[in-house]
Amino acid sequence: MPDTPVSRPVAISAEGVWKVFGPDAAGFRARPAGERSPEAMARDHLIGAVRDAGFQIGRGEVFVIMGLSGSGKSTLLRCLTRLIEPSEGRILFDGQDILTLGEKPLAELRRKRMGMVFQHFALLPNRTVLGNIAFPLEMQGMDRDRAEARARELAEVVGLTGREHRFPAELSGGQQQRVGIARSLTTDPEFWFLDEPFSALDPLIRADLQAEVQRLQQEHTRTTIFVTHDLDEAIRLADRVAIMENGRIVQIGTPEELVTRPATDYVRRFVAKVPPARVIRVSSLMTPAEGDMAGEPVSADATIAEIAPRIVAPGGPLRVLDGQGRPVGALDRQSALQTLASGI
Amino acid sequence: MADVSPAARQGAPAARPWFGLLVAAGVLLLLIAAPLLPAVWREVPAALRLPLSDWIEGGMNWLARDAAIGGLAFSDVTRALAAAAQWPIEALQVLLAEGWIHGAGFNKVQLVPPLSWLGITLATALLAWRISGRGLAVMTLVAGLYLALFGLWTSAMTTLASVLICVVAALVLGLAIGIRAHRSPGMEPAVRAVMNVMQTVPIFSYLLPTLLLFGYGPSAALFATVVYALPPMVHATVLALRSVPPETLELARMTGCSRRQTLWQVELPVALPRLAIGLNQVVMMTLNMVIIASMIGAGGLGYDVLRALRRLDFGAGFEAGMGIVALAVVLDRLTQAAARNQSIGRRRLWSRRDSLIALALLAVPTALSYLLPALAVWPKGLSLTSAPFWNAAVSFINQNFFDPLEAIRTFMLLNVMNPFRDALAALPWSAAVALLALAGWRLGGWRVGGGIAAMAMFIVITGYWLPATGSVYLTLLAVAGALAVGMPFGIWVSARPRWHQPVQLLLDTLQTLPTLVYLLPAVMLFRNGDFSALIAISSYAVAPAIRYGIAGMAHVPSERVEAAAMSGCSKWQTFVHIRLPAALPTLLLGVNQTVMMALSMLVIAALVGTRELGQEVFTALSQGLPGPGITAGLCVACIALIADALLKSGAARAARHQGEAHA
Ligand SMILES: Nc1ncnc2c1ncn2[C@@H]1O[C@H](COP(=O)(O)OP(=O)(O)OP(=O)(O)O)[C@@H](O)[C@H]1O
Ligand SMILES: [Mg+2]
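Spelled out as structure tokens, the structure:
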């Protein structure tokens, strides 16, 4: 079941979510299922930006939404925060349907439990770095000094120490997005939403910030929904990836599953350029442990690419350890080398 | 690429000569056939007349005298408002211009002096230095010294006081209306339509109803000015709020901002750069209007100019006019610098220490002025004046160049202006309306044609047809003059990048000058009359002609020019076949802008004794007759809207042809 997280409690779940734009979007609910094909809807000038999306996201999971431009990623993300009102469906946060929430509780939910990072940063030009980071707290009515003290901590976390009193116009793009990240985390949210946060940045800085996100996620694991159209970014960050095509989710799975078992041709073409070693994990290639064994230890969770130096070194099978350091199997260097060599 | 292929070039212009010929033939035919038309179709029959002006008159009088809501007379309300408005005006007057005076006549004692001219000048220069730089600071100092030493300070501060109050009022009201209009999308088109009409109605028409409602005096001028300066502020607010990126609004929602927080903490700060541009426009429009409004008793620099003109003391008029220029340029550059700082994110320009210094700069000279009265008001005896020089210059010119100047004037009047005026006046109204509607229909479809016909008929039935032809004649000639000078100059400059900046600066300065200033040189050289009016209107309207001349040429796609060069076109061929057609849409918009400027100057030019709608408005103003004043003002607005519709459709058509050729 790729639609549900493995071995995590469910934090967010979406059921049959539709978002339709067009002149008669309000009448969409009344449409019978047979009239909901893209062709039938196009006839009535309706655009199905999100079509029948359903999935569950586990607590602490990084869930990446991927797809080409216009495939509905942003719309889906905004349905989850209700920045866009879905046309139909249910969206549950810890079992509570947020589509039934009134304005007040919804605002409270967003304030206290959600943080969002925007593609174009959305910084306020009249506030300094500190002022921007403190903004969500100030809007909750926290007094300025306390809000700024907290903002100072976060500026340090994202590496902006020494620039607290600059204005956004005095920062580079990468630094601006660091402010955006810090601001989204000031309230210490459980749910973290990022909509193509790095696509406006150049590649080197993008890599920096991806590492930053990984680090933040290690320090404090949050349920994260991350939109991108950069496959490389998705593979680096994702626990699971949802691939969208024309508003529909065509496959949800770990990067490894997408590469090894693409559900459709579309997905196959999407992942064609990914070297399998980058996504295939030791656990998929190992053979069960036979009694006590020697050999160098490797983590079952590591990808083949990550342990490449040890694979190419001479020697016998490698010893595979699980998260607790217990031996769970053996990795044959030969089969690992094959994976490493394929797709280059 | 496509433009060198003959097929692409033919389709577009081929239709136009045919159309031009048709119109020309039509006009000619009508002129010849005019006497043959039945009288009803030549002169507006009485039966067709709508006594609109009487109705307005009646309505206004009723409002001013009899209207009451449950015992509370409307006039009482307006007079109370006027009194309330009087209060801040007087407070600022005391602060800036007059000081606290007790008693009158010989018993007059100044208890507290006004803020010293030196203090105000220095503090403003400090501000200029901080927000812009040394150049503007020096300019501010020079302007302040000029106003003080030439004895214009008190008048200038009276003007400034009105400007400040009006700007604040227009800003607050404009923001409020703009925010509302932005929030309810249904309201926006309505607001825009009202604003469009309001911007074409001549200045004086605003004065009339306020005079009637608020009484003769500074508060009437204040209300008229605020109403006049409101449209650009509302417009700027709507545009500014609309420019806030959607992501930023999402941020507000994600952080759970209330409506108030969203507005004050997110939308307005993000919109500030554009709002600041609106502020600049409001300040300049307010200054222009305040100068004009001095005529109804607000006093100030405009009044000085007018008084000097009446005495034929051109020197004094010119000096006061230069005072207006000084004030206008400083206000414009200051607000522009503020807007620029906002949009490029320059901040932290003004520290707390600067506030203290500015306070000290204001307080010390003011305190010292107890001991040294020259610091409060520069003594009359020590005032410089250049008036005798200018008067001498004018009489020198008149003595030595009277003949050639007079010859030019007479020639123009006898051979160009009067015949043209008479020809227009002789044109039967029915034929003119039909021609206009036809042109509108050809250029922009039946909607434009119908709209134009309706507006032209408005002029006919309100009984202002004849004066309207006078307005059209003056405007057309003035526009022709402005275009003949401005467009070639602009096109010439466009090819010389080194000239761009100085010309741009010159144009900026020309456009900041209040309209009244333009009358002075014309009257000094050519006395009262239509020719002076023509010169004044032309020189006022020349700035957009130059500006659009430059802009039009700048927009020519460079690959077309390269294509022409590759096919061996000469410079002149490239200009005629490539550059000019490509620039045509922009040039037509420039013509439109020139016409609008000319029309707005028309009413001011009435001061030198023209005979047309502007004069009707002006006369109505001096007689306090709101009916004719407003109606004639609306007729000017109709002319402006007709010209606007024709030229905009023409520009759109030209742009379409260019687009086709490009595709
Ligand atoms: N407000 C709207 N009105 C009408 N159509 C919309 C609206 N918002 C989005 N759409 C349409 O919905 C579809 C999905 O848009 P969405 O912005 O979610 O795509 P995306 O995957 O985020 O693309 P990108 O990578 O370009 O951001 C697109 O076809 C878009 O044109
Ligand atoms: Mg998107």
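Protein chains in written order, with my numbering: chain A, 44 to 387; chain B, 291 to 953.
Cβ coordinates follow ideal geometry from the N, Cα and C atoms, glycine included.
Between residue i and residue j, how many whole angstroms is the CB-CB distance? I'm expecting something under 8 Å.
i: A:I127; j: A:R133; result: The Cβ separation is near 15 Å, so there is no contact.
i: B:I836; j: B:G776; result: 4 Å
i: A:F269; j: A:L237; result: 5 Å
i: B:A715; j: B:L672; result: Actually they do not touch by this definition, with Cβ atoms about 54 Å apart.
i: B:A583; j: B:T490; result: Between B:T490 and B:A583 the Cβ distance is about 19 Å, and since that is not below 8 Å, they are no contact.
i: B:G288; j: B:R339; result: Since the displayed chain B opens at 291 and closes at 953, residue 288 of chain B lies outside it and no answer follows.
i: A:V172; j: A:E199; result: With 8 Å as the limit, A:V172 and A:E199 do not qualify as a contact, their Cβ atoms being about 11 Å apart.
i: A:A277; j: A:V107; result: 4 Å
i: A:V105; j: A:T267; result: 5 Å
i: B:A460; j: B:V572; result: 5 Å
So for residue i, helix, strand or coil by DSSP?
i: B:H392; result: strand
i: B:K398; result: coil
i: A:Q381; result: helix
i: A:L144; result: coil
i: A:I55; result: strand
i: A:Q183; result: coil
i: B:A305; result: A caution first: B:A305 carries a pLDDT of 48, below 50, which makes its placement in the model unreliable, though a value can still be read off. In the structure shown, B:A305 sits in a helix (DSSP, three-state: H, G or I).
i: B:M702; result: helix
i: A:E207; result: coil
i: A:M44; result: Model confidence at A:M44 stands at a pLDDT of 41, short of 50, so the residue's coordinates are unreliable; what they give is reported in the following sentence. Reduced to three states, the DSSP call for A:M44 is coil.
i: B:T449; result: helix
i: A:A96; result: strand
i: A:P318; result: coil
Under 7 Å Cβ to Cβ from residue i, same chain only, skipping five residues before and after it: list those, please.
i: A:T382; result: P319, A320, I323, L328, I347
i: A:A332; result: P370, V371, G372, A373
i: B:V402; result: G389, W390
i: A:T264; result: G103
i: A:A379; result: L328, I347, I354
i: A:D251; result: G217
i: A:P340; result: R362, L364
i: A:L228; result: G158, L197
So, are the CB atoms of residue i and residue j less than 9 Å apart?
i: B:A375; j: B:F504; result: yes
i: B:T703; j: B:D622; result: Reading off the sequence, residue 703 of chain B comes out as Leu, not Thr. Contact: no.
i: A:H88; j: A:G113; result: no
i: B:A598; j: B:A606; result: yes
i: A:P211; j: A:I224; result: no
i: B:A758; j: B:L931; result: no
i: B:S445; j: B:A666; result: no
i: A:D375; j: A:S342; result: no
i: B:I827; j: B:L915; result: no
i: B:L562; j: B:T625; result: no
i: B:L454; j: B:L382; result: yes
i: B:V885; j: B:A831; result: yes
i: B:V556; j: B:V534; result: yes
i: B:G592; j: B:L806; result: yes
i: B:P559; j: A:N175; result: no
In chain order, what residues of the same chain have a beta carbon less than 6 Å from the beta carbon of residue i, not counting five sequence neighbours either side?
i: B:G589; result: T448
i: B:A721; result: L320
i: B:A387; result: P404, T444, M447, T448
i: A:V63; result: F71, L89, G91, S130
i: B:L874; result: A944
Between residue i and ligand 4, is the CB less than 8 Å from at least one heavy atom?
i: B:V866; result: As presented, the structure is devoid of ligand 4, carrying ligand 1 and ligand 2 as its sole ligands.
Sorted by chain position, which residues of the same chain lie with C-beta nearer than 8 Å to residue i's C-beta, five sequence neighbours on each side aside?
i: B:I469; result: T527, L531, L553
Requested in this report: Flag this pair as touching only if the segment 476 to 496 of chain B and the segment 508 to 528 of chain B have three or more C-beta atom pairs under 8 Å; answer yes or no.
Outcome: Yes, the segment 476 to 496 of chain B is in contact with the segment 508 to 528 of chain B.
Query raised in the report: Is it true that the segment 304 to 316 of chain A meets the segment 286 to 296 of chain A, where meeting means three or more beta-carbon pairs spaced less than 8 Å apart?
Result: The segment 304 to 316 of chain A is in contact with the segment 286 to 296 of chain A.
Query raised in the report: Do the segment 781 to 797 of chain B and the segment 716 to 735 of chain B touch if we need at least three Cβ pairs shorter than 8 Å?
Result: A contact between stretches requires three or more CB pairs, one per stretch, nearer than 8 Å, and the segment 781 to 797 of chain B fails this requirement with the segment 716 to 735 of chain B.
Query raised in the report: Three or more C-beta pairs closer than 8 Å, one from the segment 132 to 152 of chain A and one from the segment 73 to 86 of chain A: is that the case here?
Result: Touching, no, given that fewer than three Cβ pairs across the two stretches are closer than 8 Å.
Report task. Check whether the segment 213 to 220 of chain A touches the segment 158 to 174 of chain A, counting contact only when three or more Cβ pairs, one atom from each stretch, lie closer than 8 Å. Result -> Yes, the segment 213 to 220 of chain A touches the segment 158 to 174 of chain A.
Query raised in the report: For the segment 453 to 467 of chain B against the segment 508 to 522 of chain B, are there 3 or more C-beta pairs whose distance is under 8 Å?
Result: Result yes; three or more Cβ-Cβ pairs closer than 8 Å.
Report task. Name, going along the chain, the residues of the segment 631 to 661 of chain B whose beta-carbon falls closer than 9 Å to a beta-carbon of chain D. Result -> Of the protein chains in the structure, A and B, none is chain D.
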